[in-house]
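*Asks:*
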Amino acid sequence: MTLKTDLKQLLSTRWFRKKGKSVISFVIAMVSIPLLIVVVQSQQPVTINVLVWALESAQMEDYVEDFNQQHPDIELNIIEGPNETDQVEDLYTSAFLLGDSPYDLVYMDIIWTPKFAAAGWLKDLSDYVSQQELDQFLEGDVQGGMYQGNLYRMPFRTDAGMLYYRTDWLEQAGYEPPDTFSELIEISQSLQEQDYTDWGYLWQGKQYEGLSAMFVEILEGFDAFWVDPETLEVGLDEPNAIAAARFLRNTIVQGVSPPGVTTYEEGATRRMFQNGEAAFLRNWPYVYKSASDSEIAGKFDIKPMVHTPQGNSGACQGGWGFGIASDTQHPDKAWQVIEYFTQRDIQKEHALQHGYVPTRKDLFDDPDLVEKYEYLPDLLEVLENAVLRPPIAQYAQASDILQRHLSAAISGTVTPEKAMNRAARETRSLLERSKNN
Ligand code: GLC
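With numbering that gives the first Met the number 0, letter number 75 in the sequence shown gets 74, and the count goes up by one each step, no holes.
#1: Relative to the ligand NAP, is the shortest distance from any of its heavy atoms to the C-beta of A117 smaller than 7 angstroms?
#2: For the alpha helix (DSSP H) that W225 lies in, which residues bound it at each end?
#3: Tell me which same chain residues have a C-beta within less than 7 angstroms of the C-beta of W120, skipping the five on either side of it?
#4: Could you give the DSSP three-state label for W52: helix, strand or coil?
#5: My output table needs one value for R152: the three-state DSSP class, helix, strand or coil.
#6: Let me make sure I understand the geometry here. Which of Q188, E431 and D85 has the alpha-carbon closest to that of P257?
#7: Apart from the five residues on each side of it in sequence, which residues of its chain come closer than 7 angstroms, Cβ to Cβ, to D72?
#8: Just mark K434 as buried or exposed, buried being the case when its beta carbon has 16 or more other beta carbons within 10 Å.
#9: Decide if A422 is buried, meaning its Cβ has at least 16 other Cβ atoms within 10 Å, or exposed.
#10: Can you tell me where the beta strand (DSSP E) holding N76 begins and where it ends?
#11: Does the distance from the C-beta atom of W198 to that of A277 stay below 8 angstroms?
#12: If we count the other Cβ atoms within 10 Å of its Cβ and call it buried at 16 or more, is A118 buried or exposed?
#13: Sort out for me which residues DSSP pairs L162 with in a bridge.
#14: Return the residue from the list R427, Y394 and W334 that minimises the CA-CA distance to F115.
#15: Do G354 and G220 have their C-beta atoms closer together than 8 angstroms?
#16: From which residue to which residue does the alpha helix (DSSP H) around G266 run?
#17: Any heavy atom of the ligand GLC within a distance shorter than 7 angstroms of the CB on G139?
#18: With a Cβ-Cβ cutoff of 8 angstroms, do A350 and L379 count as a contact?
#19: First and last residue of the alpha helix (DSSP H) that includes Y200?
#20: Please indicate yes or no: does the CB of D108 lie closer than 7 angstroms to some heavy atom of the ligand GLC?
#21: Note down the Cα distance separating L280 from V386, rounded to an integer number of angstroms.
#22: So, using beta-carbon positions, are L405 and A397 closer together than 8 angstroms?
#23: Between Y374 and the rest of its own chain, which residues show a CB-CB distance below 6 angstroms, the 5 nearest in sequence each way excluded?
#24: How many Å lie between T358 and G317 at the Cα?
Below is the structure:
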């Protein structure tokens, strides 16, 4: 008997004439509902999650809306993280260690690259971007995204530590901006004695990553170094490095910096400077925009960091960019987000709105940006000579060691010499252990 005759017989039964229609409707429903679900699901946008430190996550909101409108198949979702880079790094680290991380993209500080890449948490981006395209970006920032010859992070915005100073007070008191550490102290004390200001110099002394970033600038100024990334030699207990730690401690002992500086991060020092509480401040370039909108507008300027007569101006190379989590289900969509953020227009907008420094070279002489940030063309040279924090896979631990001992030295718990000796010893054994592994 063929299928055709079977069907004919079934259709002619009394049962079918009575119940047949509802059976057919039932079968159609059973087949079509899952199909419908698949169709609806495939039309729903794919969510791309990224964790961003607090202040910047709010500043990125406008771009998220714009991006989502331009890409109906993607829903970019920025999750607000804590404010400090170390804390954001800890959140990413525990998510990746636990596995099944919720993050598709990683918004990365430049110092995370070696650790995250070595751990296998990031996708190699080399196939997504041509060398010609990469050549449009600052070399230091591209290098900061490389690990063992592969690219793991696309640079979005760069950073370099600078010295802010009050032009009005210096002019009134007859001083040129300082070039050396001694001049900085001398001018501070004189302005304090003449009651221009309560405090001379503000810097980041809290025990966190900002302390290490600030300290590499003082080290460079004293012609000293932290870790040589090629030889893994440690320089923290050399006389010049001890002198660098002593300089910081002395700013407090001499009353040039407030004792509270040992608990300040970037935000606290920025607010004090903007409130007119100090003559000098070490901070990142974004403070220029914020201070221009404050009560000290038109009364300050920025310049490269001070140094000893033998040392160089040290600007710590900072900056942020995007990597793709190696376990994301949607790497191509995540790349579209990176393309969007690193394009010229968005970098320019981010600079105009929030004062961040772009990573595309041609934006450094963009007329709109230069009109607003006169220092920008000169910053290019500063960035070309910026000092790296050691780009090694054990960076987070090395920085932690330095922060602990330097913090003890600047708060006066131990002498700068003892602190730097201890920091050097611990750093050497950290690097030895990893060599043996
Ligand atoms: C800035 C820099 C970053 C650095 C951090 C320290 O965000 O861009 O590289 O690690 O400050 O607080």
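We treat Cβ as the ideally placed atom computed from N, Cα and C, and that holds for glycine.
*Replies:* Short version:
#1: What this structure holds is the ligand GLC, not the ligand NAP.
#2: Membership of W225 in any alpha helix (DSSP H) is not indicated, and neither H nor E is assigned to it by DSSP.
#3: By the criterion of a C-beta distance shorter than 7 angstroms, W120 is surrounded in its chain by F95, A324 and S325, once the five residues flanking it on both sides are discounted.
#4: Looking at W52 - three-state DSSP - the assignment turns out to be coil, as it is neither helix nor strand.
#5: Three-state DSSP puts R152 in coil, outside helix and strand.
#6: For P257, the nearest C-alpha among the options comes from Q188.
#7: Taken in chain order, the residues that qualify are P44 and V45.
#8: With fewer than 16 Cβ atoms within 10 Å of its Cβ, K434 is classed as exposed.
#9: Answer is buried; the Cβ neighbour count reaches 16.
#10: For N76, the enclosing beta strand (DSSP E) covers residues I73 to E79.
#11: Contact flag set, yes.
#12: Its Cβ having fewer than 16 others within 10 Å, A118 is exposed.
#13: Per DSSP, R281 and K302.
#14: Nearest of R427, Y394 and W334 to F115, Cα basis: Y394.
#15: At the C-beta level, G354 and G220 stay beyond 8 angstroms of one another.
#16: From DSSP, the alpha helix (DSSP H) with G266 extends over E265 to Q273.
#17: In terms of side-chain proximity, the C-beta atom of G139 is found no nearer than 7 angstroms to any non-hydrogen atom of the ligand GLC.
#18: With contacts defined by Cβ atoms closer than 8 angstroms, A350 and L379 do not form a contacting pair.
#19: Premise fails: Y200 lies in the beta strand (DSSP E), W198 to L201, not in any alpha helix (DSSP H).
#20: D108 Cβ: within cutoff of the ligand GLC.
#21: L280 and V386: Cα-Cα distance of roughly 19 angstroms.
#22: Taking C-beta atoms as the reference points, L405 and A397 fail to come closer than 8 angstroms.
#23: Excluding sequence neighbours, Y374 sits near I301.
#24: Near 11 angstroms, if we compare the C-alpha coordinates of G317 and T358.
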